[in-house]
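A.B. asks: Residue 0 is where the sequence shown starts when you use numbering that gives the first Met the number 0, and the numbers rise one by one after that. Positions of the beta carbon are idealized from the N, C-alpha and C atoms, including for glycine. Only a predicted model underlies this, so the values are computations on that prediction, with no experimental measurement involved. Here's a structure for you.
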Amino acid sequence: MSYDKRSAYIIVFLLGLLGIFAQTFIFRELTATLRANELVLSLLLFHWLFGNALGTSFGIPVRGIGWKFALYLILIPCNVFLLKIYTLATQGTSGEFIALPKLLLITTLLLFPFCYLSGSIFLEISRIFIGLGGKPYKLYAVDALGGFIGGFLTFLVIARLPGVSILTVAGITGALIFVVLLRRFWFVLVVVLLAILAPFSNRLSEKLDQALWRGFSVKSSESVYGKLSILERAGEKYLYENGSLTVASGDSTTKEILTYPVFSQVDTIENVYIAGGIALGVLGQILEYKPKRVTVVEMDPGIMAVAREFVPERYFEAREVQMKLGDPRYILKHSKERYDVIELFLPNPTSGLINRLYTKEFFAEVKEHLTTRGVFAFSLTVGENYLSRFEQLMTRAIYRSMAEVFLSTSVFSAGSIIIMIGSLGGTIKEPVVAINRKIDEKLINPRFLFGKNLEFTFEQFRQKRITDLIELAGRDSPNTDMKPIAYVFGLLNWTRELNLSPEFFTRIAYFVYIFLVLLVLLAKILSYIIFKERVFLENLLFISIWGAGAMILQLSALYFYQASSGYLYWALGCLTGGMMLGLAFGSKLSGSLQNFKIWIRVIGATGVMWSLILFALSYKTSALSSLKGSTLLFIFLPFMVIHGAMVGALYPQNVNWMKARGLFGDRRMGVAYTFDLTGASFGALFIGTLLIPVLGIKTNLLLWILTLSIAIPWRL
């Protein structure tokens with residue numbers, strides 16, 4: 000049975016829809032299993048785009064869309080199991096940082112076969128569609144629609160069911176569509192196979208989790224921001240969020256170390272604002288200071304749900320305590336109150352989501368909400384008696400950000416915990432002095448932090464050695480929204496076995512831009528010498544550069560987006576759909592315009608203009624952080640649509656050029672698409688994992704504007 004245009008629309012729609020589902024949940028599993036941050040998104044996008052590029056270029060010699068799509072549907076949920084199996088096979092363990100070679104091996108084995116298969120399906124169905132007289136832009140539009148809907152559905156279901164269950168249901172739904180709408184009745188076998196897998200999928204996933212967390216019983220649940228795992232052994236419980244330890248039930252000392260040195264700085268405490276810490280149980284210590292009100296903001300509803308397994312119920316019901324579920328930065332920004340103590344009880348800023356609560360811009364927002372006697376504090380977890388060069392980089396950048404905002408800033412070391420306290424000008428007392436004073440006033444009754452334990456915990460020699468390392472931050476760049484230290488920290492951790500410095504990565508980043516500009520100039524020269532029309536090489540390379548530019552805009556938008564209170568996973572689908580919508584629009588409109596030369600220059604100039612606007616917005620991150628994530632997302636959608644339109648505008652000309660010369664046969668559309676995906680894939684690899692983390696958003700946008708201005712085919 001042959002496929003018609005209607006069949007092509009349905010198949011491409013499913014590719015867009017299911018692709019976003021798979022992309023999102025694989026990303027979540029990668030971050031949770033491999034303790035990775037958003038940098039791994041760039042690796043995922045590289046494999047995704049490059050695999051699709053090769054698939055659309057070369058395809059699979061054995062024809063037949065049906066069996067390929069059946070395999071595609073089966074692989075969607077199986078990718079979750081394969082990730083954990085590959086991690087075990089490479090002797091990995093959940094909760095540990097993965098070195099770059101091992102990470103590349105795992106992601107390549109996991110993603111490349113799946114993405115190559117997706118590209119080959121698109122190639123084959125596009126051949127059939129064009130052979131029936133269909134216009135390419137219509138396929139892009141349908142793919143974009145699938146991406147949009149996939150992103151929206153992901154947003155709705157992401158924390159309601161385990162990821163593997165959602166992917167299994169998605170696979171079954173895709174197979175049923177083939178049965179009902181395309182009349183491929185043998186896809187019932189796929190439905191049956193996935194239906195048999197469904198009851199065992201969660202159990203199998205849990206068994207693999209237990210193998211990754213050796214020696215523990217594991218209970219996992221999904222949340223909006225990732226994966227929560229409760230580990231239990233010998234009566235002790237441990238809560239991990241995306242592979243990072245949040246709280247241990249037997250730890251009765253950490254909460255005293257985090258609270259007493261901070262709250263003892265203020266004589267009279269009336270109003271308190273804390274972010275996180277609910278599962279840690281810090282409310283018991285805070286309420287000893289008899290505040291009139293304690294506002295507790297928890298970002299992740301999943302944490303709020305499991306906290307009762309670690310914290311007595313009476314703290315949730317205390318009349319002084321006001322629980323709020325939402326983004327701590329957004330809620331504080333819109334609060335009209337001032338607080339005597341603001342403290343963060345959050346993990347280290349090893350991800351962009353957490354990093355935005357340790358930046359200079361956020362510290363300035365905190366300053367506006369402190370009383371004149373108030374203090375702001377947070378803690379970082381480091382080595383017991385030694386700061387690695389990665390930890391020095393992170394702590395110095397954050398210390399400098401804080402010192403540039405607060406008049407008084409002090410650093411205290413307590414074993415593996417570093418506490419930073421800032422005030423508007425009041426003297427910050429040594430923890431031993433401050434805590435002993437509150438003990439003498441009979442205000443607090445520590446179980447651990449008193450007497451010799453208190454003196455040993457804040458031992459002076461270790462204090463001076465650690466704080467001297469951190470306070471030597473004169474030449475270090477501050478941690479900002481547009482240049483997160485979290486990503487440089489992650490990059491150095493990936494390559495720690497190579498012992499590379501941040502300066503090395505900076506030199507490589509600038510070299511990449513120089514190489515790109517030289518490549519553009521070479522293509523223009525060769526196009527003039529070899530192809531007198533100055534079209535083919537220049538335009539194909541331009542498609543690749545614009546594909547790479549899409550990654551700059553998409554990843555930049557995600558950086559801005561993370562300064563707001565939105566969900567990253569919805570943004571991923573929405574922005575990708577915007578890019579595809581632009582491809583469809585540009586491909587359609589350029590074919591109907593009589594003056595293609597003017598059109599291409601107008602879109603190119605518009606791309607430069609949008610980049611300049613984005614650059615200007617990078618100076619207004621504080622204003623952006625006051626917006627809701629959904630609002631900010633739709634501000635950036637036009638960037639992606641216009642950028643995609645530029646690439647789409649070039650497709651018809653290059654396809655017609657190849658057709659006139661008899662090149663590539665019915666693979667012409669696939670070849671043009673391949674150049675776009677190849678540029679985007681290497682853009683994701685270099686821009687997402689190197690250029691933006693090392694140079695920051697502002698520098699990247701300026702260099703991108705320069706490169707784009709040179710690359711536009713001004714003389715067609």
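1. Helix, strand or coil: how does DSSP classify residue 378 here?
2. So, are the CB atoms of residue 485 and residue 394 less than 8 Å apart?
3. Per DSSP, which residues does residue 271 bridge with? Please list them.
4. In chain order, what residues of the same chain have a beta carbon less than 7 Å from the beta carbon of residue 334, not counting five sequence neighbours either side?
5. Quick check on DSSP: helix, strand or coil for residue 481?
6. Counting along the chain, where does the alpha helix (DSSP H) carrying residue 237 start and finish?
7. According to DSSP, residue 411 sits in a beta bridge with which residue or residues?
8. Can you tell which of 549, 81 and 406 has the C-alpha that lies nearest to the C-alpha of residue 366?
9. If I measure Cβ to Cβ from residue 73 and keep anything under 8 Å in the same chain, skipping five residues before and after, which residues do I get?
10. Which class does residue 350 belong to by DSSP, given the choice of helix, strand or coil?
11. Quick check on residue 245: does DSSP put it in helix, strand or coil?
12. Residue 546: which of 153, 680 and 340 sits nearest, CA to CA?
13. Strictly by DSSP, which residues pair up with residue 219?
14. Going by DSSP, what residues sit across from residue 391 in a beta bridge?
15. Quick check on DSSP: helix, strand or coil for residue 328?
16. Taking only three categories from DSSP, how would you classify residue 17?
17. Using CA atoms only, rank isn't needed, just tell me which of 329, 88 and 21 is closest to residue 210.
18. Given that a residue counts as buried once 16 or more other Cβ atoms are within 10 Å of its Cβ, and exposed if not, what is residue 347?
19. What would DSSP say about residue 276, mapped onto helix, strand or coil?
20. Under a three-way DSSP split, which group does residue 494 fall into?
21. Applying the 10 Å Cβ sphere with the 16-neighbour rule, what's the burial state of residue 146?
22. Indicate whether residue 647 and residue 581 have their beta-carbon atoms separated by less than 8 Å.
23. Pull up the DSSP beta-bridge partners for residue 321, would you.
24. Going by alpha carbons, who is nearest to residue 10 out of 103, 32 and 141?
25. Measuring alpha carbon to alpha carbon, tell me which of 514, 296 and 641 ends up nearest residue 330.
26. What did DSSP end up calling residue 182 once you bin it into helix, strand or coil?
27. Going by DSSP, what residue range makes up the alpha helix (DSSP H) through residue 197?
28. Would you kindly work out how many angstroms separate the C-alpha atoms of residue 673 and residue 273, rounded to a whole number?
29. Answer yes if the segment 218-226 comes into contact with the segment 155-170, meaning at least three C-beta pairs across the two stretches below 8 Å, and no otherwise.
30. Leaving out five residues on either side along the sequence, give the residues of the same chain with a beta carbon under 6 Å from the beta carbon of residue 694.
31. Following the continuous alpha helix (DSSP H) through residue 284, name the residue where it begins and the one where it ends.
32. Taking residue 316 as part of the alpha helix (DSSP H), name the residues at either end of that continuous run.
33. What residue range is occupied by the uninterrupted alpha helix (DSSP H) comprising residue 78?
34. Is residue 299 near residue 222, with beta carbons less than 8 Å apart?
35. On a CA-only basis, which of 279, 60 and 357 is nearest residue 723? Give me that one, please.
36. Check the C-beta distance from residue 578 over to residue 604 and give it rounded, since I have them as a contact under 8 Å.
C.D. replies: Considering the structure as presented:
1. As a first step, residue 378 is located in the sequence shown; it is residue number 379 there, counting from the start. Residue state, collapsed to three classes: strand.
2. Residue 485 sits at position 486 when you count from the first residue of the sequence shown. Residue 394 sits at position 395 when you count from the first residue of the sequence shown. Result no, Cβ atoms of residue 485 and residue 394 do not sit closer than 8 Å.
3. For the purposes of this step, residue 271 is taken as the residue at position 272 of the sequence shown. Residue pairing by DSSP places residue 271 opposite 293 and 340 in a beta bridge.
4. Looking up residue 334 in the sequence shown gives position 335. Cβ within range, chain order: 368.
5. By one-based count along the sequence shown, residue 481 stands at place 482. Secondary structure of residue 481 (DSSP, three-state): coil.
6. As a working note, residue 237 is residue 238 in the sequence shown. Premise fails: residue 237 lies in the beta strand (DSSP E), 235-240, not in any alpha helix (DSSP H).
7. As a first step, residue 411 must be located in the sequence shown, where it is residue number 412. Residue 411 is bridged to 418.
8. Against the sequence shown, residue 366 aligns to sequence position 367. Looking at 549, 81 and 406, the one whose alpha-carbon comes closest to that of residue 366 is 406.
9. Reading the sequence shown from its first residue, position 74 is the one you call residue 73. Here the set comprises 170, 189, 192 and 193.
10. Position 351 of the sequence shown, counted from the first residue, corresponds to residue 350. Residue state, collapsed to three classes: coil.
11. One-based indexing of the sequence shown puts residue 245 at position 246. Strand at residue 245.
12. Translated into positions along the sequence shown, residue 546 becomes position 547. Nearest to residue 546 by alpha-carbon distance, out of 153, 680 and 340, is 680.
13. Here the question's residue 219 lines up with position 220 in the sequence shown. Partner(s): 228.
14. Translated into the one-based positions of the sequence shown, residue 391 becomes position 392. The partner list for residue 391 (beta bridge, DSSP) is empty, contrary to what the question assumes.
15. Sequence index remark: in the sequence shown, residue 328 carries index 329 (1-based). Here residue 328 sits in helix by DSSP.
16. By 1-based counting over the sequence shown, the position of residue 17 is 18. In the three-state reduction of the DSSP assignment, residue 17 falls in the helix class.
17. The residue labelled residue 210 in the question sits at position 211 within the sequence shown. With distances taken between Cα atoms, residue 210 lies closest to 88.
18. As a first step, residue 347 must be located in the sequence shown, where it is residue number 348. Counting Cβ neighbours within 10 Å, residue 347 comes out buried, since at least 16 surround it.
19. Residue numbering aside, residue 276 sits at position 277 when the sequence shown is read from its first letter. Taken through DSSP and simplified to helix, strand or coil, residue 276 comes out as coil.
20. Here the question's residue 494 lines up with position 495 in the sequence shown. Residue 494 carries a coil assignment under DSSP once its states are collapsed to helix, strand and coil.
21. In the sequence shown, residue 146 corresponds to position 147, counting from 1. If you draw a 10 Å sphere on the C-beta of residue 146, you find 16 or more other C-beta atoms in it, and that means buried.
22. Sequence index remark: in the sequence shown, residue 647 carries index 648 (1-based). Sequence index remark: in the sequence shown, residue 581 carries index 582 (1-based). Between residue 647 and residue 581, the C-beta spacing is below 8 Å.
23. As a working mapping, residue 321 is identified with position 322 in the sequence shown. Under DSSP, the beta-bridge partners assigned to residue 321 are 294.
24. Your numbering for residue 10 matches position 11 in the sequence shown. The shortest CA-to-CA distance from residue 10 to any of 103, 32 and 141 is the one to 141.
25. In the sequence shown, the residue the question calls residue 330 occupies position 331. In this structure, 296 is the residue among 514, 296 and 641 with its C-alpha nearest to the C-alpha of residue 330.
26. In the sequence shown, residue 182 corresponds to position 183, counting from 1. Under the three-state reduction of DSSP, residue 182 is assigned to coil, being neither helix nor strand.
27. To locate residue 197, count along the sequence shown from 1; it is residue 198. Run containing residue 197: 187-211, per the alpha helix (DSSP H) assignment.
28. The count along the sequence shown starts at 1 and reaches residue 673 at position 674. The count along the sequence shown starts at 1 and reaches residue 273 at position 274. C-alpha separation (whole angstroms): 50 Å.
29. In short, these stretches touch, since the Cβ pair count reaches three.
30. As a first step, residue 694 must be located in the sequence shown, where it is residue number 695. Within the same chain, residue 694 has close Cβ partners 508.
31. In the sequence shown, counting from the first residue as 1, residue 284 sits at position 285. That run of the alpha helix (DSSP H) goes 282-286.
32. For the purposes of this step, residue 316 is identified with residue 317 of the sequence shown, where counting begins at 1. From DSSP, the alpha helix (DSSP H) with residue 316 extends over 312-316.
33. Your numbering for residue 78 matches position 79 in the sequence shown. Going by DSSP, residue 78 is part of the alpha helix (DSSP H) stretching over 64-88.
34. One-based indexing of the sequence shown puts residue 299 at position 300. One-based indexing of the sequence shown puts residue 222 at position 223. Contact flag set, yes.
35. Summary: the structure shown does not reach residue 723, with the chain confined to residues 0 through 715, and so no result is reported for it.
36. Within the sequence shown, numbered from 1, the residue matching residue 578 stands at position 579. Within the sequence shown, numbered from 1, the residue matching residue 604 stands at position 605. 19 Å between Cβ atoms; not a contact.
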